[in-house]
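Here's the structure we're looking at; comments come further down.
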Amino acid sequence: MGSERRELMKALGARLRRLRAEAGLTGAALAERAGVGQPTVSKVENGRMIPSADVLDRLSDALGLDGSTAREVRDLLLAVMAVPETGKGSGEAPDGVTLDEAVRSARLVRSFQCVVLPAMLQSAEYARHIFDSAPHTTPEMVGRAVAARVERQSLLYEPGRESVFVLTEGVLRTWPGSPALMLAQLDRLMAVESLSTVRLGVIPWRRPVPVMPRHGFTLCDSRAVVVETFRGEQVVDDSAEVAAYEETFSRFAEAAVFGPEVRELLLQVMAEFRDLETPTTR
Numbered sequence: 032m033g034s035e036r037r038e039l040m041k042a043l044g045a046r047l048r049r050l051r052a053e054a055g056l057t058g059a060a061l062a063e064r065a066g067v068g069q070p071t072v073s074k075v076e077n078g079r080m081i082p083s084a085d086v087l088d089r090l091s092d093a094l095g096l097d098g099s100t101a102r103e104v105r106d107l108l109l110a111v112m113a114v115p116e117t118g119k120g121s122g123e124a125p126d127g128v129t130l131d132e133a134v135r136s137a138r139l140v141r142s143f144q145c146v147v148l149p150a151m152l153q154s155a156e157y158a159r160h161i162f163d164s165a166p167h168t169t170p171e172m173v174g175r176a177v178a179a180r181v182e183r184q185s186l187l188y189e190p191g192r193e194s195v196f197v198l199t200e201g202v203l204r205t206w207p208g209s210p211a212l213m214l215a216q217l218d219r220l221m222a223v224e225s226l227s228t229v230r231l232g233v234i235p236w237r238r239p240v241p242v243m244p245r246h247g248f249t250l251c252d253s254r255a256v257v258v259e260t261f262r263g264e265q266v267v268d269d270s271a272e273v274a275a276y277e278e279t280f281s282r283f284a285e286a287a288v289f290g291p292e293v294r295e296l297l298l299q300v301m302a303e304f305r306d307l308e309t310p311t312t313r
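Take the sequence shown: its letters are residues 32 to 313, numbered as in this note's numbering.
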């Protein structure tokens, strides 16, 4: 089994173990509630067994997970299944992997986006559409890239890390796939926004932007910035350039709404996507 798949299995197991601890259940109690064997729970939590979709649903129901968290663990399972067992494939990973790797080593991540959701906030299906749109990709390359992206999102839950995301409202309304995909994606944003390690801000359309945004970028601590363009990603570590991006990020953050105001905005956009999903008949 490839190392990438093992790491994803460990990430899924660790997330389920944290959720069980938060629910105040022992492994034996969870197994009894879910109607599975206690060794199954132990193997899944320790990354030694890939649960079937049915077993994962049983565990989710037994833990009383809300819809957003249940989708999160299901996305992790999809990420595991997307990686070939050998962990090998042909070709290079599509654009997006450089950013994921840079973020992994940072304790403070600040990301501004004006078109596409930040990588760390993307659901598996949203990320799949992003990677599918890249030129010269194969299904195997896309699967590996999506799997790696979902796995690295576990960093959002690590104590000692801080992530600040600032988006324009246009990001929430630029959607791939279907309204249903975006409803699930926005539901995930609602869940992530509540984390103590995350701050999510949106610049509403009713407010002017302080600087005309030209592209998205992500600051990794104060040592590097990953600049995202149509031609790919560029990691810049020149101190003057990084400082300029830090100042620009601060200006975008000052124009954004956070907390209750951003949750209200997310709920408003979700309602509009529901209208798109079920168009009225004339």
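No residue lacks a Cβ here, since even glycine has one placed at the ideal position from N, Cα and C. Please read all numbers here as calculations on a predicted model, not as lab measurements.
Open item on the list: Taking the straight line between their C-alpha atoms, what separation do you get for VAL300 and PRO70?
Closed with: Working through the sequence shown from its first residue, we reach residue 300 at position 269. Working through the sequence shown from its first residue, we reach residue 70 at position 39. Taking the CA atoms as reference points, VAL300 sits about 43 Å from PRO70.
Open item on the list: Would PRO241 and ALA287 qualify as a contact pair, given that the criterion is a beta-carbon distance under 8 Å?
Closed with: Stepping through the sequence shown from its first residue, residue 241 is reached at position 210. Stepping through the sequence shown from its first residue, residue 287 is reached at position 256. In terms of Cβ geometry, PRO241 and ALA287 do not form a close pair [threshold 8 Å].
- [ ] Could you check how far apart the C-beta atoms of LEU108 and ALA84 are, in whole angstroms? I think they sit under 8 Å.
- [x] For the purposes of this step, residue 108 is taken as residue 77 along the sequence shown, with counting starting at 1. For the purposes of this step, residue 84 is taken as residue 53 along the sequence shown, with counting starting at 1. Sure, about 7 Å apart at Cβ, within 8 Å.
Open item on the list: Could you compute how far the alpha carbon of VAL258 sits from the alpha carbon of HIS246?
Closed with: Counting from 1 along the sequence shown, the entry for residue 258 is found at position 227. Counting from 1 along the sequence shown, the entry for residue 246 is found at position 215. In this structure, the CA atom of VAL258 is about 7 Å from the CA atom of HIS246.
Task: DSSP state of ILE234 mapped onto helix, strand, coil - done: Residue 234 sits at position 203 when you count from the first residue of the sequence shown. For ILE234, the secondary structure class from DSSP, reduced to helix, strand or coil, is strand.
TODO: Could you please give the first and the last residue of the uninterrupted alpha helix (DSSP H) stretch that includes LEU214?
DONE: As a position in the sequence shown, residue 214 is number 183, starting the count at 1. Taken as a continuous stretch (DSSP letters only), the alpha helix (DSSP H) holding LEU214 covers 210-224.
Task: Cβ-Cβ separation, ARG135 to ARG183 (assumed contact under 8 Å), whole Å - done: Position 152 of the sequence shown holds residue 183. Position 104 of the sequence shown holds residue 135. ARG183 to ARG135, Cβ: 6 Å. Contact.
- [ ] Under 8 Å by Cβ, that's how I've got LEU220 and LEU307 pegged, so tell me the actual separation to the nearest angstrom.
- [x] Walking along the sequence shown from the start, residue 220 turns up at place 189. Walking along the sequence shown from the start, residue 307 turns up at place 276. Wrong, their Cβ atoms sit about 17 Å apart, outside the cutoff.
- [ ] Check THR228 in the structure and name its three-state DSSP category.
- [x] Working through the sequence shown from its first residue, we reach residue 228 at position 197. If DSSP states are grouped into helix, strand and coil, THR228 belongs with coil.
- [ ] Could you tell me which residues DSSP pairs with ALA255 in its beta bridges?
- [x] Here residue 255 corresponds to residue number 224 of the sequence shown, with the count starting at 1. Paired residue(s): CYS251.
Open item on the list: Considering just the uninterrupted stretch of the beta strand (DSSP E) at SER194, what are its terminal residues?
Closed with: Within the sequence shown, numbered from 1, the residue matching residue 194 stands at position 163. According to the DSSP assignment, SER194 belongs to the beta strand (DSSP E) that extends over 193-199.
Task: Buried versus exposed call for SER194 [16 or more other C-beta atoms within 10 Å across all chains shown] - done: In the sequence shown, the residue the question calls residue 194 occupies position 163. By the 16-neighbour rule on beta-carbons within 10 angstroms, SER194 is buried.
Open item on the list: Given this structure, state the Cα-to-Cα distance separating ALA42 from GLY290, to the nearest angstrom.
Closed with: Start at 1 with the first residue of the sequence shown, and residue 42 comes out as number 11. Start at 1 with the first residue of the sequence shown, and residue 290 comes out as number 259. GLY290 has its alpha-carbon roughly 28 Å from the corresponding atom of ALA42.
TODO: Would you kindly check if the distance between the Cβ of LEU39 and the Cβ of VAL104 is under 8 Å?
DONE: Position 73 of the sequence shown, counting from 1, holds the residue named residue 104. Position 8 of the sequence shown, counting from 1, holds the residue named residue 39. No.
Task: Which listed residue (ARG294, PRO166, ARG254) has its alpha carbon closest to that of LEU226 - done: Against the sequence shown, residue 226 aligns to sequence position 195. Cα-wise, what sits closest to LEU226 is ARG294.
Open item on the list: Any contact between the region 229-243 and the region 190-208? By contact I mean 3 or more CB pairs, one from each, below 8 Å.
Closed with: When C-beta atoms of the region 229-243 are compared with those of the region 190-208, three or more pairs fall below 8 Å, so the two segments count as touching.
Open item on the list: Do ARG37 and GLY78 have their beta-carbon atoms positioned less than 8 Å apart in this structure?
Closed with: Locating residue 78 in the sequence shown gives position 47, where the first residue counts as 1. Locating residue 37 in the sequence shown gives position 6, where the first residue counts as 1. In this structure, GLY78 lies near ARG37, with their beta-carbon atoms less than 8 Å apart.
TODO: Classify GLU123 as helix, strand or coil using the three-state DSSP reduction.
DONE: Residue numbering aside, residue 123 sits at position 92 when the sequence shown is read from its first letter. Note that GLU123 scores 42 on pLDDT, short of 50, meaning its location in the model is unreliable and no value can be drawn from it.
TODO: Output the boundary residues of the beta strand (DSSP E) element that contains LEU152.
DONE: Here residue 152 is taken as the residue at index 121 of the sequence shown, counted from 1. Counting along the chain, LEU152 falls outside any beta strand (DSSP E), and DSSP gives it neither H nor E.
Open item on the list: Let me check you understand the geometry: is the CB of SER83 closer than 7 Å to at least one non-hydrogen atom of the ligand FAD?
Closed with: Summarising the ligand content, the structure contains no ligands, and the ligand FAD is consequently not present.
- [ ] Use the C-beta contact count for PRO239: other C-beta atoms within 10 angstroms, 16 or more gives buried, fewer gives exposed.
- [x] Taking the first residue of the sequence shown as position 1, residue 239 is located at position 208. With fewer than 16 other Cβ atoms within 10 Å, it is exposed.
Task: Cβ shell of SER99 (< 7 Å), same chain only, five flanking positions each side left out - done: By 1-based counting over the sequence shown, the position of residue 99 is 68. If we look at SER99 and ignore the five residues flanking it on each side, its Cβ neighbours are ASP218, ARG219, MET221, ALA222.
Task: alpha helix (DSSP H) runs contained entirely in the region 261-291, provided each spans 4 or more residues - done: Here the runs fully enclosed are 270-286.
- [ ] Could you say which of ARG204, GLN265, GLY68 lies nearest to TRP236 if we only look at CA atoms?
- [x] Translated into positions along the sequence shown, residue 236 becomes position 205. Looking at the Cα atoms, ARG204 is the closest of the given residues.
TODO: With a floor of 4 residues, list each alpha helix (DSSP H) that falls wholly inside the region 47-114, ordered by position along the chain.
DONE: Entirely contained in the region 47-114, the alpha helix (DSSP H) runs reaching 4 residues are, in chain order, 58-65, 69-76, 84-94, 98-113.
- [ ] Taking all protein chains shown into account, decide if VAL146 is buried (16 or more other Cβ within 10 angstroms of its Cβ) or exposed.
- [x] For this step, residue 146 is matched to residue 115 along the sequence shown. By the 10 Å Cβ count, VAL146 comes out exposed.
Task: C-alpha gap between VAL256 and ASP88, whole angstroms - done: On the sequence shown, position 225 is the one that residue 256 refers to. On the sequence shown, position 57 is the one that residue 88 refers to. In this structure, the CA atom of VAL256 is about 39 Å from the CA atom of ASP88.
Open item on the list: Residues in the same chain with beta-carbon distance under 8 Å from GLY68, minus the five sequence neighbours each way, listed in chain order, please.
Closed with: Here residue 68 is taken as the residue at index 37 of the sequence shown, counted from 1. Excluding residues within five positions, the ones whose Cβ falls inside 8 Å are ALA62.
Task: Beta-carbon contacts of LEU47 that lie in its chain and below 7 Å, excluding the five residues immediately before and after - done: Residue numbering aside, residue 47 sits at position 16 when the sequence shown is read from its first letter. Correct list, in chain order: VAL75, GLU76, LEU90, VAL104.
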